[in-house]
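> Quick note on my numbering: the sequence shown kicks off at 263 and runs consecutively. A single structure is presented below for examination.
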Amino acid sequence: MKRWQADLILALIALIWGSTFLTVKNALDAVEPITFVAWRFWLASIVLLALFPRRIRHVSRGEVLAGGLIGVWLLLGYVLQTIGLQYTTTGKAGFITGLSVVFVPVLSTLLLRQPPGRGPVLGILTATVGLALLMLDENLRVQSGDLWVLGCAAAFALHIVTVSRFSPHYDAVRLATTQIVTVALLATGAAFAVETPAVRLPPETWAAIAFTGVVATALVFSLQVYLQRFTTPTHTVLIFSLEPVFAALFGWGLADEILGLKELVGCGLILAGMIVAELGDHSTA
Numbered sequence: 263m264k265r266w267q268a269d270l271i272l273a274l275i276a277l278i279w280g281s282t283f284l285t286v287k288n289a290l291d292a293v294e295p296i297t298f299v300a301w302r303f304w305l306a307s308i309v310l311l312a313l314f315p316r317r318i319r320h321v322s323r324g325e326v327l328a329g330g331l332i333g334v335w336l337l338l339g340y341v342l343q344t345i346g347l348q349y350t351t352t353g354k355a356g357f358i359t360g361l362s363v364v365f366v367p368v369l370s371t372l373l374l375r376q377p378p379g380r381g382p383v384l385g386i387l388t389a390t391v392g393l394a395l396l397m398l399d400e401n402l403r404v405q406s407g408d409l410w411v412l413g414c415a416a417a418f419a420l421h422i423v424t425v426s427r428f429s430p431h432y433d434a435v436r437l438a439t440t441q442i443v444t445v446a447l448l449a450t451g452a453a454f455a456v457e458t459p460a461v462r463l464p465p466e467t468w469a470a471i472a473f474t475g476v477v478a479t480a481l482v483f484s485l486q487v488y489l490q491r492f493t494t495p496t497h498t499v500l501i502f503s504l505e506p507v508f509a510a511l512f513g514w515g516l517a518d519e520i521l522g523l524k525e526l527v528g529c530g531l532i533l534a535g536m537i538v539a540e541l542g543d544h545s546t547a
C-alpha cells in the first residue's frame, strides 16, 4: 500500500473517532465510565474472535505479550478519556486528546530513535498552539475534566508508539485482538473494583456500545495496526489531529456546543499544523 492510501484511511479513522465523543458523552447518563469501556471492548473482542477464529487460534507468545502491553496503554487512554467526558465538552475533550501530537514525536525519538523532520516539527508547534487555545480558559487554568483527558492523550501517544514498534513484526489481526481482549479483561476487573457494573441498560446506551465496540474499536484498531506499517508514528498522529476537529463539529452540529472565536482559531491552527507537516514531510521524502 502507498502512503497516501494509508493516510486517507487513517483520516477516515479520525472521523469515526471524532463522532464517538458525543456518542460516549450521551451514553454516560445511563452507565458508569469504566463499565462502558468494559462492555465496548468485550463486544469488540467477540466480533474479532468470530471473524478471524483460525488466525487468532495461532497467536504466538510474542503477540500476546506485545498486544498485552499495547492494551495497557489503550485501557488507560479510554478510561481517562471516558471519565473526563463527564466533566468537559466533547469539543474540548477531542482537542485535548489531540495533545498526543506533542507527545508522540518525543516518545518516538526516545524509544524508537525516529526523530521527526523540520516540517513535522513546525506542524507540531503550530498544532500545539491551537490545542492550548482550546484547553486553557481566560485565566489560563485547566478544569478537572480537562486534566483527565490530558492523561488520556499521554496514554494514547504511548499506544501509537508501541503499535509502531510491534506492528511490523506480528500479524495485524492477532495483535489487534490481543490488545482489545486485554482492555476488556482489565476494564472488567477495574469496573468490579470501583463501580457497580450493569447489564440492564437503555436501548440507546447499548446502541452506543455497539457502535463504539464494532466500528470504532474492532474495525478501526485492526486497520490501524495494519496501516501503521506504511507510515511513521509522527505522521500517524498528525493525521489523527483531525479527530478533535471532527469531535467539535459533531458537538456543534448535534449537541449545540458553541465554538467561539478562540475555539475556531484553535481548529484552524491544528489544521494548518497538519498541512505544514504534510508538505514539509513530502518535501524531504
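Backbone N, C-alpha and C fix where the C-beta goes; we use that ideal spot for every residue, glycine too.
Taking the alpha carbon of M397 as the point to measure from, which residue in I271, W304, A415, T494 has its own alpha carbon closest?
Indexing the sequence shown from 1 puts residue 397 at position 135. Nearest of I271, W304, A415, T494 to M397, Cα basis: A415.
> Looking at C-alpha atoms only, which residue of A276, I271, R265 is the closest neighbour of F502?
As a working mapping, residue 502 is identified with position 240 in the sequence shown. It is A276.
> Which residues mark the beginning and the end of the alpha helix (DSSP H) in which D291 is found?
Your numbering for residue 291 matches position 29 in the sequence shown. Counting along the chain, D291 falls outside any alpha helix (DSSP H), and DSSP gives it neither H nor E.
> With DSSP collapsed to three states, give me the class of I422.
Reading the sequence shown from its first residue, position 160 is the one you call residue 422. DSSP places I422 in helix when its eight states are reduced to three.
> Taking DSSP as the reference, what is the three-state secondary structure of V299?
Here residue 299 refers to the residue found at position 37 when the sequence shown is read from its first residue. Three-state result, V299: helix.
> CA-CA distance, T467 and P377?
Numbered from its first residue, the sequence shown carries residue 467 at position 205. Numbered from its first residue, the sequence shown carries residue 377 at position 115. The straight-line gap from Cα to Cα measures roughly 42 Å.
> Going by DSSP, what residue range makes up the alpha helix (DSSP H) through T359?
Indexing the sequence shown from 1 puts residue 359 at position 97. Where T359 is concerned, the enclosing alpha helix (DSSP H) stretches over 352-359.
> Report yes or no: do three or more beta-carbon pairs, one from the region 380-397 and one from the region 295-302, lie closer than 8 Å?
No, the region 380-397 does not touch the region 295-302.
> With a threshold of 16 other CB atoms inside 10 Å of the CB of G451, please say whether the residue is buried or exposed.
Within the sequence shown, residue 451 is the residue found at index 189, counting from 1. Under this definition G451 is an exposed residue.
> With H, G and I counted as helix, E and B as strand and the rest as coil, what does DSSP make of A460?
Taking the sequence shown and counting its residues from 1, the one referred to as residue 460 is at position 198. Reduced to three states, the DSSP call for A460 is coil.
> To the nearest angstrom, how far is the alpha carbon of Q405 from that of T371?
One-based indexing of the sequence shown puts residue 405 at position 143. One-based indexing of the sequence shown puts residue 371 at position 109. So the alpha carbons of these two residues sit roughly 30 Å apart.
> Taking the beta carbon of W560 as the centre, do at least 16 other beta carbons fall within 10 Å, making it buried, or is it exposed?
For the chain, the structure presents residues 263 to 547; residue 560 sits outside this window and is missing.
> Ignore the nearest five residues each way along the sequence and tell me which others in S426's own chain have a CB closer than 6 Å to its CB.
Within the sequence shown, the letter at position 164 stands for residue 426. These residues qualify, in order along the chain: Q490, P495.
> Express the C-alpha separation of S281 and A289 in angstroms, rounding to a whole number.
As a working mapping, residue 289 is identified with position 27 in the sequence shown. As a working mapping, residue 281 is identified with position 19 in the sequence shown. C-alpha separation (whole angstroms): 13 Å.
> Are there 16 or more other CB atoms within 10 angstroms of the CB of D291, so buried, or fewer, so exposed?
As a working mapping, residue 291 is identified with position 29 in the sequence shown. Exposed is the call here.
> Quick one: Cα of W266 to Cα of F492, how far?
To locate residue 266, count along the sequence shown from 1; it is residue 4. To locate residue 492, count along the sequence shown from 1; it is residue 230. Answer to the nearest angstrom: the Cα atoms are 9 Å apart.
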